[in-house]
Structures are given as structure tokens and as C-alpha cells.
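Chains as they are written, first to last, in numbering that gives the first Met the number 0: chain W, 0 to 322; chain R, 0 to 187. Note that beta-carbon positions come from the ideal geometry of N, C-alpha and C, so glycine has one too.
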Amino acid sequence: MSDPMNDRPINSEDLALYAMQLLTEEERAAVAAYLAKSVEARRELAEIQGDLAVFAHTVDLHSPPTMARERFLKQLARERKPGSPDRAMAETRPQGAPVRSGTVFAEAAERMKAAKIEPPKGVSAVESSETVVAIDHIDQPKRSFAGRAFSWAGWAVAAGLAVAAGSFYRERDTLRETLASQTSQMDHMKTDMTSQSADLEAAREVMDTMKDSSAMRVTLTTYKASTAPIGRATYVPSKGALVFLVSNMAPLQPAKTYELWLLPAAEGMGPIPAGMFVPDAHGNASVIMPPMPKGIEAKGFGVTIENEGGSATPTMPIVLSGE
Amino acid sequence: MYRETGLVNSSLTSAQDDAALLALVQGGDDRAMAALFDRYSKVVYSVALRVLRDPSTAEDILQDVFMQIWRNPDSFVATRGSLGGWLAVVARNRAIDTLRRKKPTDQVDDMALASNYNLANEAERNSLMERARSVIHKLPTEQRKTLEMAFFDGLTHTEIAEMTGDPLGTVKTRIRSALTTLRKAFTA
Chain W
0 MSDPMNDRPI NSEDLALYAM QLLTEEERAA VAAYLAKSVE ARRELAEIQG
50 DLAVFAHTVD LHSPPTMARE RFLKQLARER KPGSPDRAMA ETRPQGAPVR
100 SGTVFAEAAE RMKAAKIEPP KGVSAVESSE TVVAIDHIDQ PKRSFAGRAF
150 SWAGWAVAAG LAVAAGSFYR ERDTLRETLA SQTSQMDHMK TDMTSQSADL
200 EAAREVMDTM KDSSAMRVTL TTYKASTAPI GRATYVPSKG ALVFLVSNMA
250 PLQPAKTYEL WLLPAAEGMG PIPAGMFVPD AHGNASVIMP PMPKGIEAKG
300 FGVTIENEGG SATPTMPIVL SGE
Chain R
0 MYRETGLVNS SLTSAQDDAA LLALVQGGDD RAMAALFDRY SKVVYSVALR
50 VLRDPSTAED ILQDVFMQIW RNPDSFVATR GSLGGWLAVV ARNRAIDTLR
100 RKKPTDQVDD MALASNYNLA NEAERNSLME RARSVIHKLP TEQRKTLEMA
150 FFDGLTHTEI AEMTGDPLGT VKTRIRSALT TLRKAFTA
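Printed below as a string of C-alpha cells:
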């Protein structure tokens, strides 16, 4: 493959960097232009994105905070779309069967008015119940008591059916609400249980790390300080497990953070970020089980001051260190 | 809609595939959206947390990625591959943008992804994770580390070369080789 614009070879290595958005703007534009022309390159890029998706799934899994789901659902509710199921139901209710009882009567009244203007002749009383209602009031003043009672029976049946339908509808609504509420409660309970299991697992890992006889324990101090900051790192390389406790740390400037670094024993490897922390009012802080690669032997640890959000590489000076 | 057929949330989460849920989301079905959240939030959050190392910012990414699906379900179309894979890569790219304090790029949304995995199925998802971890664990350390630095730390090949002292070409080759090994392991 090559970029015909610049006559620069573009290969799958470039596409991998493009997929990870690691190219400069100029390089990115060159690859994008090439992609626009080459079906083969687009197919290869899709394959690479698939590879990256698989690689993303190698990450150690962590449950989102318990409240994350709730916050998401609240945001969904705030941004509810027109025509969503509930609204759709609400909008269609006037035309829907369950709540039509009132409408039926209104329609009947309309028909009655119409019938008054031009009463139909010879309409049988058994054609339909609604027709019976209309005709009965307007066109048959001389009916017998039995006839009037019979025609009113139609009203009574219609009213009874309407009441029953209304009642069933309310009952169905109540059952649905109860079901939705219970489903929601179950979801929350599941989320809580997952979160609690994760917390328990995390606590167990902390305990294992603290008790592990093979753990490397390092004390970090500054040189000749009266109320010297002191940090203790407990690290199990095989598990990538790290617990770091520190005290007497100086307060930070706004928008700054302390960042802990693992200094790999292997030559050529740069410091690995091992978590950020901001001390409390007493100067105490901790970094418990930060996400760390497994199997990295450490020759020591260091702490630097970085901008809020941390840094990919340490900024000098190292304020605490220990080996 | 499930309200009319009597289907409830639990059946949405277990039985329906991503395409069916997305179709419901396009119709404004918030329960379908919640089902997708339940299915993929852990992976999305974990990827963002791995990149950012900050739970609060990782949760922001989580909310952001799923709200994008809610606001614009068409941003993912089935022809672009598996939704689970797409979400994992989008989460990574959004997290890297946050790390670099950049606005999200359009490139993130306009991404096709070749995938044969049905990540909607939890068992298949777990199986893929185990296999992928196993393959990555067996990679030469330099390859694995270089790919992690590029993908999870968002370091450019130039930055990696500076940090490790390796030639630029070696860094690029290691990244590509690691991905090739991963692909071969899953197509074998």
C-alpha cells in the first residue's frame, strides 16, 4: 500500500497507529486520504479495529460505582425521546380501547343530537346498543314501561361494561407499575450485590497483599526533614497488587496531585504510573490496588507532583522515593 | 413494544440480541437502553478506568459513551461489527481524548470494526476475555508492553521509542506483530 498523494508507503503498521489515533495531524490526514480511495485499506483497518476490540477485552474488569446506573437512568429520563413507549401510550390513549368508556358516551350523545335533527325511521331496537340509546330517547315517547325498562337495560349493560373495563384497565396499570417497580428493585439489588462482591474481592486482595510473605515492603522518606513525610509501599509483582500508605505529606497547590510511580527493575523500562493521591488535612493519603500490569519487578517507588489528572511521565523533582 | 407484549426488563437483558435492543432504543425505549447499559457498562468502565486510572473520570466516560448511543443510536450500525467491541474501542478512544484534554474526534464514531464475536452473549464474552488474556500473556514482554503503552496509555510510537530507547521502526513493528498474533490466535 502507498499514499499516492505523497508517494509515501502506507502499511498496516500505519493503519494500526491510525486506528489508535496515535499519528500526527499530518500523518492522520495522509492515511485518511488513502483510506478514502482504497477498499483494501478500509478492510484492513476494520480488521485492526476488531483486533483492538479483542485487546480491549483483556482489561481487568471493575464494576462501575453503584450509583452510576442510577445516574444514567436519571439522565435517560431527562432526555426522554418523544414517541418513547410510555409517551406513545399516553398519546394513543384517547383512541385506545381501555379508556374509551367516556368517549363512547360522548359519541353516543353526538349521535343523539344528530338523530334529533333527522330521526331514522324503522330502525330496529336490536341493531346495536348505541343505536338503541339514540333512538330510545328521541323517537319512541309512547313506549310501554317494559319497553322503556328494556331500553334502559342497554344503558345499564353499557355502563356496567364501561365501569368494568375501566376497573380492569386500572388494575392492569397497577400490576404493570408494581411489576416495573419490582423489576427495578431487583436490578438495583443485583447491581448492589455485584458491587458488594467486587468490594469484598478488593478487600480480600488488599488483605492478601498486606499479608503476603513474598511482598516487597518499601519505606519512602525525604532527606533530613523534621516532620518528614513517610510512605510505605507493599507490592506483589506477580499479582500487580500495590498498597501505598503515606503520612505527613505537604498540602498541594490547586489543580495539582501527587502521583506514585513504580520504577521497574528491568533496564530500559520507564517509570510506570501507579496511582494519584491528594493528602487529607493531616497529610495522610493512600493508593490501594491501582490498576497495574502484572509481573513487573520493581526496584523502587517514587512520588512526584503532577497536574491534576496525572501524567504519563514523571515530572521532576521526585519528592519521595524508596528502593 | 415489550409493554404491549408483556415482556419485561429481565427478558430484555438475557434474550434479545444487540440489534433488537438497538432497534428498540431507536424507538425511544429506555428499558432497552438500560439493558444495553447492564450488558456492557462493566467493560466500558473498566477500559476507561485502565486508561485514566481515575474512577470519577472513568464514570464520566461511561455515561458519555452510553448517552451517545441513546442520543444517536445510528452512530453504531450493525454493519460496523459487534456493539460490545465497538463500545470498548470507543471507550478507549474517548478516555485517551480526555487524557490528552482533547475534544472527542469524529474518527471515533465513524469506525467500522470487523468482528465475528457475539459479545451480547455473556458466556461468549467471558470466553473471549479469557482467550485474549491468555494470548496476550504469551506474547514477548516487549510486544505486550509496547501495545499496552500505545493502546491503554495513549503514548505515540515516538513517545514509546523515547521512553524505551528502542528504534521507532521497532516500536511500530512490535505493535503490529502483537495485533497480528492476537488475530491469528482467534482465526486459527
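If you ignore the 5 residues before and after W:Pro-236, its C-beta comes within less than 8 Å of the C-beta of Met-215, Lys-293, Gly-294, Ile-295, Glu-296 and Ala-297, all in its own chain and listed in chain order.
The beta carbon of R:Phe-151 sits closer than 6 Å to the beta carbons of Arg-49 and Val-50 from its chain, once the five residues preceding and following it are set aside; these are given in chain order. Counted as a single uninterrupted DSSP element, the stretch harbouring W:Ser-213 is not any beta strand (DSSP E), since DSSP gives it neither H nor E. For the segment 38 to 56 of chain W, the beta-carbon criterion of a distance under 8 Å to any beta-carbon of chain R is satisfied by Arg-41, Arg-42, Leu-44, Ala-45, Glu-46, Ile-47, Gln-48, Gly-49, Asp-50, Leu-51, Ala-52, Val-53, Phe-54, Ala-55 and His-56. In the DSSP assignment, W:Leu-261 falls within the unbroken beta strand (DSSP E) covering 255 to 263. Its chain contains Glu-258, Pro-313, Thr-314 and Ile-317 as the residues whose beta carbon lies nearer than 6 Å to that of W:Thr-303, once the 5 sequence neighbours on both sides are disregarded; these appear in chain order. The continuous alpha helix (DSSP H) containing R:Leu-21 extends over residues 17 to 25. Annotation: W:Met-248 to W:Ala-284 spans about 8 Å, alpha carbon to alpha carbon. With a threshold of 8 Å between beta carbons, R:Asn-71 makes no contact with chain W. In the three-state reduction of the DSSP assignment, W:Ala-273 falls in the strand class, which pools E and B. Annotation for R:Glu-141: Arg-173 place their beta carbon closer than 7 Å to its own, counting only its chain and skipping 5 residues before and after. When R:Val-170, R:Leu-146 and R:Phe-36 are compared, the shortest CA-CA separation from W:Phe-71 is found for R:Phe-36.
Short of 6 Å from the beta carbon of R:Leu-181, and not among the five residues preceding or following it, lie these beta carbons of its own chain, in chain order: Val-134.
When Cβ-Cβ separations below 8 Å define contact, R:Val-64 makes no contact with chain W.
Judged by DSSP secondary structure, W:Ser-246 falls within the beta strand (DSSP E) whose first and last residues are 240 to 246.
Taken through DSSP and simplified to helix, strand or coil, R:Lys-41 comes out as helix.
From the beta-carbon of W:Arg-79, the residues of chain R found nearer than 9 Å are Gly-27 and Asp-29. Secondary structure remark: continuous alpha helix (DSSP H) runs of at least 4 residues inside the segment 152 to 183 of chain R, in chain order: 156 to 163. When Cβ pairs closer than 8 Å are counted between the two stretches, the segment 38 to 57 of chain R is seen to touch the segment 54 to 65 of chain W, the count reaching three or more. Put simply, the backbone Cα of W:Gln-20 is about 23 Å away from that of W:Met-268. Around the CB of R:His-136, fewer than 16 other CB atoms lie within 10 Å, so the residue is classed as exposed.
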